[in-house]
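Chains as they are written, first to last, in the numbering used here: chain L, 6 to 582; chain A, 6 to 582.
The beta carbon of each residue, even a glycine, is placed where N, CA and C say it ideally should be.
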């Protein structure tokens, strides 16, 4: 779409601003329909963001978008309109705020709950350097469940920095927001009666005042006049202290289908295959039916993790605690300490949030918690903050932990059935999409690899997970066409390693493949196993870099897992023998 | 001391209970004076714990001690009195709750903020299994700053589990508790007027009620009659829902010196040498004097990290945000994004709490935050939850991060001076104690190792940090006595590695030493460097286990870093050549 200058926004009438909102909505819909992206969350923040650009002066004033699922309008209003149709494409506009992309993006986000801490830091830096400029944290009500938000609120008075918090309250995370804070906010909206009428006050205002915030709200987030007035009022109040403005928005606003189905239209992507998450839901239901100890825990991701039906069938044994990855981990540990068998499902990149709890609470007590780590490996278009490429490394160092990596969905099902027999902590990590595969004939044995293609060749490929095994098979076809051959092993446990099988390979050249950074993963574990023996190991995985947005297959090849590179290695080693 | 049976506690008069408290205090003082341990926090919770044992039935009822710095009385009252003088000694009583030690310990703790999540999980497991029994979370006011507590409070209504939260409010973490929640609690105590008079009510009660808690308090935590009555009342109220009892205690109560100096007597240990933390404080003051961008951030550990004087000298540039490791990390990132140079000082084991933020906020944006990681390596008597033996591994996989490991305090000072020239993220990791060493003649160059003892020998020891270099020197003396020799290299950067130096060692046998688990640390990084070349590497570090409490030197040897083992390796490799 056309670039809308800040001058135009500052001069426009209210009805012109509403016209601009219509243009922006159309552009967001058009871009997301071709590029995928976060739809309903962005549609809900259009008027609010336009009003912010009207009242504040970016980039002198700064804004931090919590999570970043609502930053498209800001991008369109800050010189990126012409490039917007490259959204989420390799080399194009990121779906999240990126300091490297524009000076209008003050702070990178992607994971929930960081915005208030970040705004405090930015404002404190302004103050200490004697620079002017307001700092705004735009936070959804879903993030208000997160402990980081509370930690930041709790230190506003310590830091003595005047920040402007906008609570973008649509009652939703990806699904409906849960928890007591959500009820408080909901009641504040309801007490306010007709939210379109302006500032209502509730008993709960006290709660925010305790944190050193002047509370203003509830404001209708789709009424431009009300928004502009409230923002101007808040801007003036910032001279005296920090302000929280409570804005009521509708997720998906302006697009009827998205308003009706805000969860389904939160993130729009092109689904291309079967998903592991569906198998998780099915198998957990079957396990729960046969064993009363089985319970499920998630942190605000019930739907995307495949657990909706489980939650409906076993409401007493299913716990969604909101965007609280740490609490969910400790809760899982304690459920296990109490004699239950919790399955904690979570995306790879978000498990980082619960890292201490995985070490300290789950594995430290060697509790039988099964962590189902979804979206592992490169996830693609969401970019740096969403790639699940670190988990094998940060998990492999934890004592008491078994780490399993299924070769397909059938093997994933077998691993889940195996998990009930475990006495200690278990991680199963898998990507979003996969193929069903054949049902294994025998139960999976912990720490036992599987030889998928056996030859007399000197070369053995150890590959972890479906993507890497596919890569290995593709390389094998090309190698065979050149008259070469090699053995392929399904390295389905990073921990414990199949030491018996590895020992049997002492005369072979070993090549490892993993959908993870090289540092600290499968390649390193295998290299460590052979370190004293002087064996040559060739490891393929991702190089030491944050991997930006793009197509999964392109990024895999570009960052270290290409057929060409593996085939070259095979050729070279073949020639040496 | 003698075992006090539960029957005795249940029958005793109030004055007999107070007599028992005196016995317990004497025992705690005596044990801590010989074994070290947490003194003032434990002294403050004696009456409360005795009253709990009087009113509740352990182990059928369960109690989770947040952090665990107040569990000694519980240990003494649950069959461990006779063994108590083995406190913190290898093989003896742990200073923290340990499920493996006693069925009275329901949940292991060590890091702050887990108790309410854990109580919810234990109670939910009780309920789902149809078992009776109350579950109590005993939480200090310091932990109430932590986001995990908020996440757990926020989900009490979701989980529908009736738990009993006791807020043990002494106004202190290790130092005075900071933040808005602390002010709220303080006012609640003050509004209550004479706390010795019993239940006062404040506006802020509303806050706890919002979370589904019946609030009771403020109770004088050193008045046995009042405590027993309040606990019995709360126990009855638990039939109807979750209860929070606000108890006002005095840290160090009953020991005048500890009451006057609660921070100094929080943890009692035997200091045996110079501390890195003192150098941190001195150097940061000097850096701050020459560069106005330098600021310091800590999470409730100002004193133990050596930053007290910095905080006094630069109150506007020093931020203690309470026990909020995550918020402190995001705040540091944003301070750096705003153009400042934050130094975030933290213990190795607590940095695990901020892992996602180190990845996502600090390194993901490649911001010049300097993380000063204290208490790295084995820390000794606090046991599993406090050993700093994972950081090299979980940090080495993070892109954009430089990891430095000083060989002594002088080198640490040089690294701190170097840090101001860095453009990206930096970790400096060091143990508590060390030696000053000689001031390096030239500034430290990033990624450059230092050869400390050069020989023509085929054997090269790469050692990271003071302890491992000392170990290497000790082994060298013994090797030289046997007519052998080897080169010693100060491997002072795990990342980037000194690839030039490593390349020059292609004909040598390389042995690595690190005060960290073997998985994912220096040994693995060196093995990865040489993986394609078929070089033999011998790595020494800790095996894959949680390391319990004991003396540092004993634990080092036992878990993988012994002179004998390294010397044997040297002998074998010598013989091969």
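Applying a beta-carbon distance threshold of less than 8 Å, which residues of chain A neighbour residue 62(L)? Per Cβ cutoff of 8 Å: no residues; residue 62(L) is ~17 Å from chain A at best.
Looking at residue 523(A) and residue 546(A), is the spacing between their C-beta atoms short of 8 Å? yes
Note down, in chain order, every chain A residue with its Cβ under 7 Å from the Cβ of residue 113(L).
369 and 370
Looking at C-alpha atoms only, which residue of 75(A), 151(A), 312(A) and 372(A) is the closest neighbour of residue 355(A)?
-> 151(A)
- Item | Residue of 430(L), 444(L) and 117(L) minimising C-alpha distance to residue 329(L) | 117(L)
### Query
To the nearest angstrom, how far is it from the Cα of residue 578(A) to the Cα of residue 538(A)?
18 Å
So residue 193(A) contacts chain L; which residues on that side make the cut at Cβ distance below 8 Å?
Near residue 193(A) there are no residues of chain L at all, since even the closest Cβ is about 11 Å away, more than 8 Å.
| task | Could you check the C-alpha separation between residue 62(A) and residue 139(A) for me, to the nearest Å? | result | 9 Å
Cutoff 8 Å; reference residue 361(L); Cβ partners in own chain excluding five residues on either side: 331
Residue from 231(A), 345(A) and 40(A) with nearest C-alpha to residue 425(A) = 345(A)
Confirm, please, whether the CB-CB distance from residue 437(L) to residue 281(L) is below 8 Å. yes
| task | List the DSSP bridge partners of residue 336(L). | result | Looking at the DSSP assignment, residue 336(L) forms no beta bridge with any residue, so it has no partner.
DSSP three-state label for residue 43(A), please. strand
Is the shortest distance between the beta-carbon of residue 134(A) and the beta-carbons of chain L less than 8 Å?
-> yes
### Task
Per DSSP, which residues does residue 177(A) bridge with? Please list them.
181(A)
| query | What is the residue span of the alpha helix (DSSP H) that residue 239(L) lies within? | reply | 229–242
Exercise. Three-state secondary structure (DSSP) at residue 64(A)?
Worked result: coil
Checklist entry - Listing by chain order, which chain A residues have their CB less than 9 Å from the CB of residue 211(L)? => result 208, 209, 211 and 212
Q) Taking only beta-carbon atoms, is residue 398(A) less than 8 Å away from chain L? A) yes
- prompt: In chain L, what lies closer than 7 Å to residue 4(A) by C-beta?
  reply: Chain A is shown from 6 up to 582; residue 4(A) falls before or after that span and cannot be answered.
Could you have a look at residue 577(L) and say whether DSSP puts it in helix, strand or coil? helix
Could you work out which residues of chain A lie near residue 366(L), taking near to mean beta carbons separated by less than 9 Å?
112, 113, 114, 116, 119, 122 and 123
- prompt: Measuring CA to CA, which of 170(A), 401(A), 8(A) and 161(A) is closest to residue 184(L)?
  reply: 161(A)
Report task. Could you tell me whether the stretch 162–178 of chain A touches the stretch 313–320 of chain A, using the rule of 3 or more Cβ pairs below 8 Å? Result -> no
**Prompt:** Just reading off the alpha helix (DSSP H) that residue 316(A) is part of, what are its end residues?
**Reply:** 313–318
Please confirm whether residue 343(L) has its beta-carbon closer than 8 Å to some beta-carbon of chain A.
yes
Practice task
Look at the alpha carbon of residue 401(A) and the alpha carbon of residue 44(L), and state the distance between them as a whole number of angstroms.
Solution key: 36 Å
Straight-line gap, residue 445(L) to residue 417(L) (C-alpha atoms, nearest Å)
10 Å
(request) Classify residue 241(L) as buried or exposed, calling it buried when 16 or more other Cβ atoms lie within 10 Å of its own Cβ. (result) exposed
In whole angstroms, give me the CA-to-CA distance for residue 251(L) and residue 57(L). 14 Å
Do residue 71(L) and residue 143(L) have their C-beta atoms within less than 8 Å of each other?
yes
* Is residue 561(A) helix, strand or coil when you go by DSSP? -> helix
- Query: Does the Cβ of residue 211(A) have 16 or more other Cβ atoms within 10 Å, making it buried, or fewer, making it exposed?
  - Reply: exposed
Reduced DSSP secondary structure (H/G/I, E/B, other) of residue 200(A)
Because residue 200(A) carries a pLDDT of 42, less than 50, the predicted location of this residue cannot be relied on, and the following value inherits that uncertainty. Helix.
task = Kindly list, in the order they appear in chain L, the residues whose Cβ is closer than 8 Å to that of residue 389(A).
result = 369
Residue 76(L) touches chain A at which residues, Cβ-Cβ below 7 Å? The contacting residues do not exist; residue 76(L) stays about 16 Å from chain A at best.
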